[in-house]
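Heads up: the protein sequence lines correspond to chains A and B, in order. The first sequence runs 1 to 336 under the working numbering. The second sequence runs 1 to 336 under the working numbering. Even glycine gets a Cβ: it sits at the ideal position worked out from N, Cα and C. On a predicted model such as this, the values are computed, not experimentally measured, just so you know.
2 protein chains.
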Amino acid sequence: MNERQIIDHIATLVNQADERLLKGIGDDCAVVAKDGRLVWLLTVDTIIEGVHFDPTFHPPEKLGRKVVSVNVSDIGAMGGRPLFALLSVGLPRTFDPSWFRAFARGLADGCREYGCLLIGGDTVASPQGFNCSLTVIGEAAIDQVVYRNGARPNDAIWVSGPLGFAAAGLELLRRRLDVASPALAPLLAKHLDPPARVELGRQLGESGLVHAMMDLSDGLATDLAHLCKQSGVGARIAAWDLPISPALIEAARLTGANPEQWAVGGGEDYELLFTAAADAHDHLLALGRRCGLPFAPIGTIVEGAGVVLLRRGADETLEECEIAYQGYDHFYGNIG
Amino acid sequence: MNERQIIDHIATLVNQADERLLKGIGDDCAVVAKDGRLVWLLTVDTIIEGVHFDPTFHPPEKLGRKVVSVNVSDIGAMGGRPLFALLSVGLPRTFDPSWFRAFARGLADGCREYGCLLIGGDTVASPQGFNCSLTVIGEAAIDQVVYRNGARPNDAIWVSGPLGFAAAGLELLRRRLDVASPALAPLLAKHLDPPARVELGRQLGESGLVHAMMDLSDGLATDLAHLCKQSGVGARIAAWDLPISPALIEAARLTGANPEQWAVGGGEDYELLFTAAADAHDHLLALGRRCGLPFAPIGTIVEGAGVVLLRRGADETLEECEIAYQGYDHFYGNIG
Numbered sequence: 001m002n003e004r005q006i007i008d009h010i011a012t013l014v015n016q017a018d019e020r021l022l023k024g025i026g027d028d029c030a031v032v033a034k035d036g037r038l039v040w041l042l043t044v045d046t047i048i049e050g051v052h053f054d055p056t057f058h059p060p061e062k063l064g065r066k067v068v069s070v071n072v073s074d075i076g077a078m079g080g081r082p083l084f085a086l087l088s089v090g091l092p093r094t095f096d097p098s099w100f101r102a103f104a105r106g107l108a109d110g111c112r113e114y115g116c117l118l119i120g121g122d123t124v125a126s127p128q129g130f131n132c133s134l135t136v137i138g139e140a141a142i143d144q145v146v147y148r149n150g151a152r153p154n155d156a157i158w159v160s161g162p163l164g165f166a167a168a169g170l171e172l173l174r175r176r177l178d179v180a181s182p183a184l185a186p187l188l189a190k191h192l193d194p195p196a197r198v199e200l201g202r203q204l205g206e207s208g209l210v211h212a213m214m215d216l217s218d219g220l221a222t223d224l225a226h227l228c229k230q231s232g233v234g235a236r237i238a239a240w241d242l243p244i245s246p247a248l249i250e251a252a253r254l255t256g257a258n259p260e261q262w263a264v265g266g267g268e269d270y271e272l273l274f275t276a277a278a279d280a281h282d283h284l285l286a287l288g289r290r291c292g293l294p295f296a297p298i299g300t301i302v303e304g305a306g307v308v309l310l311r312r313g314a315d316e317t318l319e320e321c322e323i324a325y326q327g328y329d330h331f332y333g334n335i336g
Numbered sequence: 001m002n003e004r005q006i007i008d009h010i011a012t013l014v015n016q017a018d019e020r021l022l023k024g025i026g027d028d029c030a031v032v033a034k035d036g037r038l039v040w041l042l043t044v045d046t047i048i049e050g051v052h053f054d055p056t057f058h059p060p061e062k063l064g065r066k067v068v069s070v071n072v073s074d075i076g077a078m079g080g081r082p083l084f085a086l087l088s089v090g091l092p093r094t095f096d097p098s099w100f101r102a103f104a105r106g107l108a109d110g111c112r113e114y115g116c117l118l119i120g121g122d123t124v125a126s127p128q129g130f131n132c133s134l135t136v137i138g139e140a141a142i143d144q145v146v147y148r149n150g151a152r153p154n155d156a157i158w159v160s161g162p163l164g165f166a167a168a169g170l171e172l173l174r175r176r177l178d179v180a181s182p183a184l185a186p187l188l189a190k191h192l193d194p195p196a197r198v199e200l201g202r203q204l205g206e207s208g209l210v211h212a213m214m215d216l217s218d219g220l221a222t223d224l225a226h227l228c229k230q231s232g233v234g235a236r237i238a239a240w241d242l243p244i245s246p247a248l249i250e251a252a253r254l255t256g257a258n259p260e261q262w263a264v265g266g267g268e269d270y271e272l273l274f275t276a277a278a279d280a281h282d283h284l285l286a287l288g289r290r291c292g293l294p295f296a297p298i299g300t301i302v303e304g305a306g307v308v309l310l311r312r313g314a315d316e317t318l319e320e321c322e323i324a325y326q327g328y329d330h331f332y333g334n335i336g
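In structure tokens form, the structure reads like this:
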């Protein structure tokens, strides 16, 4: 059983029939009707020492902020804004109080930044290492919620910023490679303390331009496959349109990695992935500029299924490569 | 830092000002206004292998049910009914799929029993052992919510059922002592698969008779101290009124334990602890009978602070013993 099979198995056991439940398992958040006009968005994420962070190079204050970011990112990815959070922390018996206080400061700081109020929680002892679950409750206008399942053939596929930064940053940090280089700092920051595109997601929801949206947590190849499966469509991505920055190429040179593999398979970028009709192109570029984000169209939704990456071969012929789900799975590591 | 200090520290970092937030950290649930008539109740609890359960004697299906019970118990303890749940599970890389499927069956079964819909979740790899957080969202009429902070001097203190069963059951299971004895089965069941007093809590909230309420998760001495601190009062408990059953005495004989210490300090009974005016006595006994639960008044709320246990000495003199917070703390084990 991998992560998807576990989630699928749980979903089959659960009777989803409730008139207030607009969306259960299978999107960034569950969506519950609050009244005729508003919905509540609910999401939970867990981070575990040694799986999601390495305490030898992850400052606790940044980790506290990241716990908030990765959660509110799911709220933003549906067009909502965060309201409340509940925290559950597991602390080893030998935990360092000053480490924990720094973590809590970062968490409080992140909550303030995204307008999210910590309203409850639970602390338990952990037999090994630190772990932490955050549940976030957000809100959206019922007609501005953007689901994963609305992508339509001929939609353009967009990402809100550069790809592969978090995976590259993590690799540099693991290997203690050039971690003081200013050119590489954005990569490290993306792993340690990624910003969540909450305000952007809200504006995209409000714009009415976007047909499907989610955040990039497991990597483009996996997340786009989820979006396509939910929408009953396929996708074609152009390798030459992927936002691969010079910093990513430099990090790949230093570590002997392939920047395209990072961009396609690397997890935890927390950029938004969304689709919109082709004629929304100029509106979306303008919206991105207003938010200070370098939006990039990277491909097209097509009839059918699967996610195909197009590459130009040596003789300018097109190569097609199926990449669906070749991203990060917590049970198998990064296979992108 | 112990568990209370950690929670207190987090609470100080968080700005609780929001007009919709009726109650933040410090009660069984956070309470958020839904509209002028209803509130939402939100709670989270985590269980960790080796801390909260021992897989060598805890059947996974019962564990799945317990994860639900301990959470909906918090909803019931404020007079509400559960609606929705979000699950986060951490699974070791070597987990047994058949174990997990049995756990998930129990979880789904518990959700059905308490009318709670599982609407979302998250799975992660755990470096050691199984862990699981459940967030539950419930609902109550705004004027039927019962907080911890409403206890008044001269209130009678009630518990909804026998005390110490879960602690005794755990000890028997740990030592593999007489675990097949029918007389001791209720003790084992109380650790493995405790019922949550959700319907009772709702009826108590509806009755308008109850001034303060919470569920017994950390043991009477600790939980009553929380309730008194929140209410700005003290409590006097009569040892001779504690509901100590013959089964508890038999388990104490087998293990060399003190049944009174189990009743006072043992955690995880998930009975309701509540206070009400003395003249509500007959109404409450009748309500308990209708629910099939042997309610017991065990003491009185007094001016001041602290929790005093009264015992009759050898010569019929009264001994007074301060017991506040002498219950279960996850960081120090059972010190009751």
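- At a cut-off of 7 Å between beta-carbon atoms, residue 125 of chain B makes contact with chain A.
- Excluding residues up to 5 positions away in sequence, 187, 188, 190 and 191 lie with their Cβ nearer than 6 Å to the Cβ of residue 169 of chain B in the same chain.
- For residue 68 of chain B, the enclosing alpha helix (DSSP H) has its first and last residue at 60 to 76.
- In the pairwise beta carbon analysis, the region 227 to 242 of chain A is classified as not touching the region 170 to 182 of chain A: fewer than three pairs are separated by under 8 Å.
- Listed as beta-bridge partners of residue 45 of chain A by DSSP are A:134.
- Note that the C-beta distance between residue 216 of chain A and residue 273 of chain A is below 7 Å.
- Proximity of chain A to residue 44 of chain B at the Cβ level (cut-off 8 Å) is accounted for by 86, 87, 88, 120, 121, 122, 133 and 135, in chain order.
- With a threshold of 7 Å between beta carbons, residue 128 of chain A makes contact with chain B.
- Residue 268 of chain B carries a coil assignment under DSSP once its states are collapsed to helix, strand and coil.
- As the crow flies, the alpha-carbon of residue 53 of chain B is around 46 Å from that of residue 254 of chain A.
- Nearest C-alpha to residue 324 of chain B among B:218, B:207 and B:158: B:218.
- Remark: C-beta atoms of residue 104 of chain B and residue 276 of chain B do not approach each other more closely than 7 Å.
- DSSP places residue 111 of chain A in the helix class (H, G or I) of the three-state scheme.
- Within the region 215 to 292 of chain A, the runs of beta strand (DSSP E) that reach at least 3 residues and sit entirely inside it are, in chain order, 234 to 238 and 272 to 276.
- Counting along the chain, residue 23 of chain B sits inside the beta strand (DSSP E) bounded by residues 21 to 23.
- Here residue 192 of chain A carries a helix assignment [DSSP, helix/strand/coil].
- DSSP places residue 105 of chain B in the helix class (H, G or I) of the three-state scheme.
- According to the DSSP assignment, residue 198 of chain A belongs to the alpha helix (DSSP H) that extends over 198 to 207.
- The beta-carbon of residue 108 of chain A is placed less than 7 Å from the nearest beta-carbon of chain B.
- With contacts defined as CB atoms closer than 7 Å, residue 110 of chain A and residue 152 of chain A fail to qualify as a contacting pair.
- Looking at the backbone, the Cα of residue 222 of chain B and that of residue 12 of chain B are separated by about 21 Å.
- With contacts defined by Cβ atoms closer than 7 Å, residue 283 of chain B and residue 209 of chain B form a contacting pair.
- Contact annotation: in the region 252 to 274 of chain B, no residue has its CB less than 7 Å from a CB in chain A.
- Residue pairing by DSSP places residue 322 of chain B opposite B:308 in a beta bridge.
- When 9 Å is used as the limit between beta carbons, residue 105 of chain B is near these residues of chain A: 13, in chain order.
- Among the residues facing chain A, residue 102 of chain B is not included, as its CB has no counterpart in that chain under 7 Å away.
- Taking each of B:249, B:306 and B:80 in turn and checking the Cα distance to residue 232 of chain B, the smallest one comes out for B:306.
- By the Cβ test, the region 16 to 25 of chain A is in contact with the region 111 to 122 of chain B, since at least three Cβ pairs between them sit closer than 8 Å.
- Under the three-state reduction of DSSP, residue 173 of chain B is assigned to helix.
- Among the residues facing chain B, residue 276 of chain A is not included, as its CB has no counterpart in that chain under 7 Å away.
- With 16 or more other CB atoms across the displayed protein chains lying within 10 angstroms of its CB, residue 131 of chain B is buried.
- Separation of the CB atoms of residue 144 of chain A and residue 205 of chain A is rounded to 4 Å, and the pair is thereby assigned contact status at 8 Å.
- The residue from A:96, A:47 and A:196 with its alpha-carbon nearest to that of residue 90 of chain B is A:47.
- Of all residues in the region 288 to 322 of chain B, none places a beta-carbon less than 7 Å from a beta-carbon of chain A.
- Cβ neighbours of residue 271 of chain A within its own chain (closer than 8 Å, five residues either side excluded): 159, 160, 161, 162, 163, 197, 215 and 216.
- Per DSSP, the continuous beta strand (DSSP E) segment holding residue 297 of chain B begins and ends at 296 to 302.
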